[in-house]
Amino acid sequence: MEIERIDSYTDIRFEQEVLFQHGGFIVDGKYPCAFKITGINTAVVDYHDYESVLPVIERFRFYSEHITDFYDKSGNCIAKFPAVLLKELPIEELQPSQFYADEDKVSAVSRFVKSKQDVIIPVIFDKNMQRYISLDGHTRMYYAYSHGFKSVYIFESESDIDIYGFVSEAQKRGVTKISDIKLLPHKQYEICWNKFCDDYFAQK
C-alpha cells in the first residue's frame, strides 16, 4: 500500500479543516483518506474501505502519536491504541529544535488552535540541560505563545541523534525558548530552513 501525506492547504479532495490539520492522505495514488481531529486524543476517519484502513491510521499516528481513538463517520470505533500520557508544561520551558516559523503555517493553525488542548507537543527530556526538547509542533507553539497561551501539553516520544545538532544550532542563534523563534514569510522560510537542512546534512 502506497500512502502519501498531503502537505498543501489547497486540495479539492479534502475539507479545508482536514487540510489545515494535515490530515489528508492519498492511498495508492487515488483513494483519499481524511482524518479530522475532534478531541485531545480522538479523530474521525473518512475512507471508502474501513477494513483496510489500519496502515493509513498507523501512518497518521507517525505524525500525531497522541491520537489514539479513531471513529468512522457514523461514530463507530474502528481502531484504538494505548493511551499516551500527557503532561501540562509552561510553554517557555520547552527548548525548540527549530528557529523559524512559517507565516502560512501559522495562519493555517490559527483556524483550529483554540485552547491548550489543541497544542500537544512530542518531546524528549535532555538530562544534561534538564529541559524538554520539542521535536515537532513549533508552528502551533509559536501561535499559542503569540496569542497568550501560558502552557501546552506534551508527551514523551523518541528521536534520532540529529535532534541534538538541531538544538545546538538553535541555541547558537539565540533560540532557547519559543518566543525566540523568528516568523518568516513562506518563501523566505522555505529558503532559510531548507538551506540550513541541506547544509547541515551535507556536513555529516
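Letter by letter, the sequence shown follows residues 29 to 232 of our numbering. Built from N, CA and C at the ideal position, the CB exists for glycine as well.
Would you mind reading off the limits of the alpha helix (DSSP H) that contains residue i?
i      : result
PHE183 : Element bounds for PHE183: not the alpha helix (DSSP H) but the beta strand (DSSP E), 179-184.
TYR91  : 82-91
Could you tell me which residues DSSP pairs with residue i in its beta bridges?
i      : result
SER162 : VAL151
PHE63  : VAL73
GLU32  : ILE54
TYR243 : The displayed coordinates of the chain run from 29 to 232. Any statement about residue 243 would go beyond what the structure contains.
LEU117 : VAL180
GLN123 : ILE161
DSSP state of residue i, grouped into three classes?
i      : result
LYS133 : helix
ALA107 : strand
GLN44  : helix
LYS142 : coil
TYR78  : helix
ASP226 : helix
TYR37  : coil
SER174 : helix
Just curious, the beta strand (DSSP E) that residue i is in, first and last residue?
i     : result
PHE98 : 97-99
TODO: Go through the region 186-224 residue by residue and report every complete run of the beta strand (DSSP E) that reaches 3 residues or more, in order.
DONE: Counting only runs of 3 or more, we get 210-212.
TODO: Report yes or no: do the region 147-164 and the region 190-198 share at least 3 C-beta pairs separated by less than 8 Å?
DONE: Yes, the region 147-164 touches the region 190-198.
Open item on the list: Pairs of beta-carbons, one from the region 80-100 and one from the region 120-132, closer than 8 Å: are there three or more?
Closed with: In the pairwise beta carbon analysis, the region 80-100 is classified as not touching the region 120-132: fewer than three pairs are separated by under 8 Å.
Task: Segment contact, 8 Å Cβ cut-off, at least three pairs: the region 102-122 with the region 177-185 - done: Counting Cβ pairs under 8 Å, three or more are found: they touch.
Open item on the list: Would the region 79-93 count as touching the region 127-139 if we require 3 or more Cβ pairs under 8 Å?
Closed with: They do not touch, by the three-pair rule.
TODO: Check whether the region 34-51 touches the region 133-140, taking contact to mean three or more Cβ pairs, one atom from each stretch, closer than 8 Å.
DONE: Contact check between the region 34-51 and the region 133-140: three or more CB pairs, one atom from each, fall below 8 Å, which counts as touching.
Open item on the list: Three Cβ pairs or more, each shorter than 8 Å: is that satisfied between the region 166-174 and the region 206-213?
Closed with: Yes, since at least three Cβ pairs between the region 166-174 and the region 206-213 fall closer than 8 Å, the two stretches touch.
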